[in-house]
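Undergrad: Chains Y and F, in that order, are what the protein sequence lines are. For what it's worth, this note's numbering labels the leading residue of the first sequence as 1, then goes sequentially. For what it's worth, this note's numbering labels the leading residue of the second sequence as 1, then goes sequentially. So that we are looking at the same thing, I have put the structure below in structure tokens.
Protein chains: 2
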Amino acid sequence: MLSIGTLAKRTGTKVQTIRYYEQIGLMPEPGRTDGGQRRYGDVELDRLSFIRHSRQLGFSLQAIRELLDLSDSPERSCAQVDAVAQKQLREVEARIARLEALRVELQRMIRECHADRVANCRILEVLRDHEECLSDHDRLGG
Amino acid sequence: MLSIGTLAKRTGTKVQTIRYYEQIGLMPEPGRTDGGQRRYGDVELDRLSFIRHSRQLGFSLQAIRELLDLSDSPERSCAQVDAVAQKQLREVEARIARLEALRVELQRMIRECHADRVANCRILEVLRDHEECLSDHDRLGG
DNA sequence: TATACGATCTACAGCAACTATAGGTTCAAG
DNA sequence: CTTGAACCTATAGTTGCTGTAGATCGTATA
Chain Y
1 MLSIGTLAKR TGTKVQTIRY YEQIGLMPEP GRTDGGQRRY GDVELDRLSF
51 IRHSRQLGFS LQAIRELLDL SDSPERSCAQ VDAVAQKQLR EVEARIARLE
101 ALRVELQRMI RECHADRVAN CRILEVLRDH EECLSDHDRL GG
Chain F
1 MLSIGTLAKR TGTKVQTIRY YEQIGLMPEP GRTDGGQRRY GDVELDRLSF
51 IRHSRQLGFS LQAIRELLDL SDSPERSCAQ VDAVAQKQLR EVEARIARLE
101 ALRVELQRMI RECHADRVAN CRILEVLRDH EECLSDHDRL GG
């Protein structure tokens with residue numbers, strides 16, 4: 001039986017995060033000692049490993065919940081799991097594309113500022129005035 | 001004089017977001033009508049445009065605060081502004097690199113699942129077991 | 001067996017950067 | 001002068017945790 005601290009170390013999670021996952025129903029309520037401390041087994045270790053690895057891959061907790069539900073269902077459908085993964089891949093690709101655009105514009109901004117070493121800083125002007133670089137009303141993904 | 005709604009439309013910002021910026025001191029407290037409604041001028045329009053464009057480029061509100069302070073200071077230093085932009089560029093590049101790694105792994109995961117069309121879904125196994133793909137204790141940047 | 005001390009407990013506040021809601025007031029067009 | 005959209009404040013919710021306070025537990029050592 002593992003204490004919460006040991007489970008945390010094994011999975012690279014913070015203790016509070018494990019308790020948080022329990023609170024939101026992502027991890028089950030574990031058994032307790034007489035004194036009230038949580039004790040975990042291998043099932044919980046597996047489940048938390050799954051959650052952490054999925055988080056590292058950028059899956060939202062909601063997506064992870066779906067994946068866990070699918071993996072718990074008796075005749076789990078590979079197609080459904082695949083759909084979740086595909087969706088995540090598309091999101092990652094969209095974020096990359098967005099960041100690439102940002103990178104290009106930042107580089108251009110910095111380059112222009114360097115060209116003009118003495119006078120007013122171009123960066124501030126660009127940040128103030130530039131309008132065509134990105135579509136309006138477009139938001140940054142978290 | 002612009003109402004908050006007009007200012008919002010002109011800058012592609014939500015009304016609540018403008019009030020939020022005022023609340024955290026990023027936007028100044030504007031003048032009011034007799035009835036208590038906010039009225040803005042061109043100075044505020046410029047400032048908010050600056051903030052929104054910087055946000056679109058991925059700058060944090062803290063970084064934007066620094067940029068605004070620099071732009072307000074009488075002998076503003078281009079080097080300091082440049083440093084903030086450079087830092088932002090490095091952060092963007094780091095996020096791109098991280099997402100590229102995620103993309104590669106997601107693609108591999110999905111490809112393996114497709115290769116094995118009938119049996120258990122590989123994606124779930126990979127999510128559960130894979131350990132070497134990303135360094136442990138590594139967190140996703142927001 | 002007593003003590004010390006780190007680990008754990010609950011409960012709650014806080015972070016970024018907004019977004020949404022409720023319930024009331026003001027402004028401007030017709 | 002009426003109507004209704006836009007505005008007001010205040011507060012709670014979002015996502016995914018992180019940090020704190022003050023109390024209790026568990027175990028290694030004297």
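Think of the CB as a built atom: it goes at the ideal place given N, C-alpha and C, for glycine as much as any other residue. This structure is a prediction, so every number in the text was calculated from the model and none was measured.
1) Under DSSP, the beta strand (DSSP E) around residue 40 (chain Y) begins and ends at which residues?
2) Ignore the nearest five residues each way along the sequence and tell me which others in residue 59 (chain Y)'s own chain have a CB closer than 6 Å to its CB.
3) With respect to the alpha helix (DSSP H) encompassing residue 71 (chain F), which residues constitute its N-terminal and C-terminal limits?
4) Does any CB atom of chain F fall closer than 8 Å to the CB of residue 228 (chain Y)?
5) What does residue 45 (chain Y) reach in chain F if we use C-beta pairs closer than 7 Å?
6) Let's see if you can read the secondary structure: which residues bound the alpha helix (DSSP H) around residue 127 (chain F)?
7) Is it the case that the Cβ atoms of residue 92 (chain Y) and residue 106 (chain F) are separated by a distance below 8 Å?
8) 8 Å is my cut-off, CB to CB: does residue 105 (chain Y) come that close to chain F?
9) In angstroms with no decimal places, state the Cα-to-Cα distance between residue 16 (chain Y) and residue 42 (chain Y).
10) For chain F, find out if any of its Cβ atoms is closer than 8 Å to the Cβ of residue 15 (chain Y); answer yes or no.
11) Counting C-beta neighbours from all protein chains within 10 Å, is the total for residue 56 (chain Y) 16 or more, i.e. buried, or is it exposed?
12) Counting only Cβ-Cβ distances shorter than 7 Å, please list the residues of the region 90-102 of chain Y near chain F, keeping chain order.
13) Determine the burial state of residue 29 (chain F): buried for a count of at least 16 other Cβ atoms within 10 Å of its Cβ, exposed for fewer.
14) With DSSP as the reference, please indicate the residues paired to residue 32 (chain F) in a beta bridge.
15) With 8 Å as the C-beta to C-beta threshold (strictly closer), list the residues of the region 61-74 of chain F near chain Y in chain order.
16) Quick one: residues in its chain with C-beta nearer than 7 Å to the C-beta of residue 22 (chain Y), no 5 flanking neighbours on either side, listed in chain order?
17) Which partner residues does residue 45 (chain F) have in the DSSP bridge list?
18) Per DSSP, residue 2 (chain Y) is paired with what?
19) Grab the span of the alpha helix (DSSP H) containing residue 18 (chain Y) for me, first residue to last.
20) Go ahead and pull the three-state DSSP assignment for residue 54 (chain Y).
21) Indicate the three-state DSSP secondary structure (helix, strand or coil) for residue 26 (chain Y) in the structure shown.
22) Between residue 42 (chain F) and chain Y, is any beta-carbon pair separated by less than 8 Å?
23) Where residue 45 (chain Y) and residue 100 (chain F) are concerned, what is the direct C-alpha to C-alpha distance, given to the nearest angstrom?
24) Cα separation between residue 104 (chain Y) and residue 70 (chain F)?
TA: Taking the geometry as given:
1) 38-40
2) 88
3) 61-72
4) With chain Y covering only 1 through 142, there is no way to say anything about residue 228 (chain Y).
5) The contacting residues do not exist; residue 45 (chain Y) stays about 11 Å from chain F at best.
6) 122-129
7) yes
8) yes
9) 20 Å
10) no
11) buried
12) 92, 93, 95, 96, 99, 100 and 102
13) exposed
14) F:38
15) 67, 70 and 71
16) 29
17) For residue 45 (chain F), which the question treats as bridged, DSSP gives no partner whatsoever.
18) Y:40
19) 15-23
20) helix
21) coil
22) no
23) 28 Å
24) 23 Å
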